[in-house]
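Numbering (the numbering used here), first residue to last: 353 to 614. Note that CB positions come from ideal geometry on N, CA and C, so glycine has one too. Keep in mind it's a predicted model, so treat the numbers as computed, not measured. Here's the structure, in structure tokens; my notes come after.
Here's what the structure looks like:
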């Protein structure tokens, strides 16, 4: 095959391709385009229904297309129209979301209220109560951390022996242990915060009364020991009066007569 024949074949191929390209002409169907625009985003324009009715309404294609559906152009059928199905669906979805959020807010409110009530009633969180931390834990620490050895160490040896022998120390230890159990019970029991605070207050008052009674009885025991020691000295004749003389009584009598009013 010579060069001339090759050029001829190439020209024929190019001509065939060109014809095929020009054969793919764009076809525009206005009826389809208007329908797509109507259903997607544009207005339901009754003037853009193809084919049209023509002059005096004698276009046969119009009657073939719309004759069996005369009400179709009159009704807005867009999904996103004012009353379209998609618009109604979106509105219903928004309404359901609003209702769901309202239920969620109410449920969260009930949950928070329940947690606050649990925190106020449960004894597990009583240690975090601000009033307990700032006041009652300090005032009742001596009850919760009571040590019998510390109580006796503050007393003299003679008084210590006396309160133990008379049972006063045993009574005090029993009362402290009872108060300790009641304080722990008030801390761990499930009750409202007001009742718990009142329980702390009553127990603190009882503790102060107990401490006052203990202080009074130990002081009486110490005074009784001193009186007993003085009586023993008097019985044994160990008490001496250095400043007394027989003339002292005479001087006292004269002073009384001199200062009498009548």
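Taking 8 Å as the cut-off, the beta carbon of residue 403 is found closer than this to the beta carbon of residue 411.
Between the beta-carbon of residue 534 and that of residue 555 there is about 6 Å, and that keeps the pair under the 8 Å contact cut. The DSSP assignment places 437-473 as complete runs of the alpha helix (DSSP H) inside the stretch 433-477, in order along the chain (cut-off: 4 residues).
Between residue 456 and residue 498, the CB-CB gap reaches or exceeds 8 Å.
For residue 541, the secondary structure class from DSSP, reduced to helix, strand or coil, is coil.
By the criterion of at least three beta-carbon pairs nearer than 8 Å, the stretch 431-447 is not in contact with the stretch 496-516. Within 10 angstroms of the beta-carbon of residue 573 lie 16 or more other beta-carbons, which makes it buried. A distance of 8 Å or more separates the beta carbons of residue 527 and residue 504. DSSP, read as helix, strand or coil, puts residue 526 in helix. Counting other Cβ atoms within 10 Å of its Cβ, residue 502 stays below 16 and is therefore classed as exposed. Using a Cβ distance threshold of 8 Å, residue 407 and residue 430 do not count as a contacting pair. Across the set 489, 460, 507, 432, the C-alpha of 507 shows the shortest separation from the C-alpha of residue 577.
The beta carbons of residue 552 and residue 495 sit about 11 Å from each other, so the pair does not count as a contact at 8 Å.
Residue environment for residue 385: exposed (fewer than 16 other C-beta atoms within 10 angstroms of its C-beta). Counting every other CB atom within 10 Å of its CB across the protein chains shown gives residue 474 a total below 16, marking it as exposed. With a threshold of 16 other beta carbon atoms within 10 Å, residue 478 meets it and is buried. Here DSSP, grouped into helix, strand and coil, assigns residue 565 to helix. Per DSSP, the continuous alpha helix (DSSP H) segment holding residue 517 begins and ends at 509-517. A distance below 8 Å between beta-carbons, with the five flanking residues on each side excluded, links residue 437 to the following residues of its chain, in chain order: 431. Secondary structure at residue 386: helix, using DSSP grouped into helix, strand and coil.
Annotated three-state conformation of residue 498 is coil, per DSSP.
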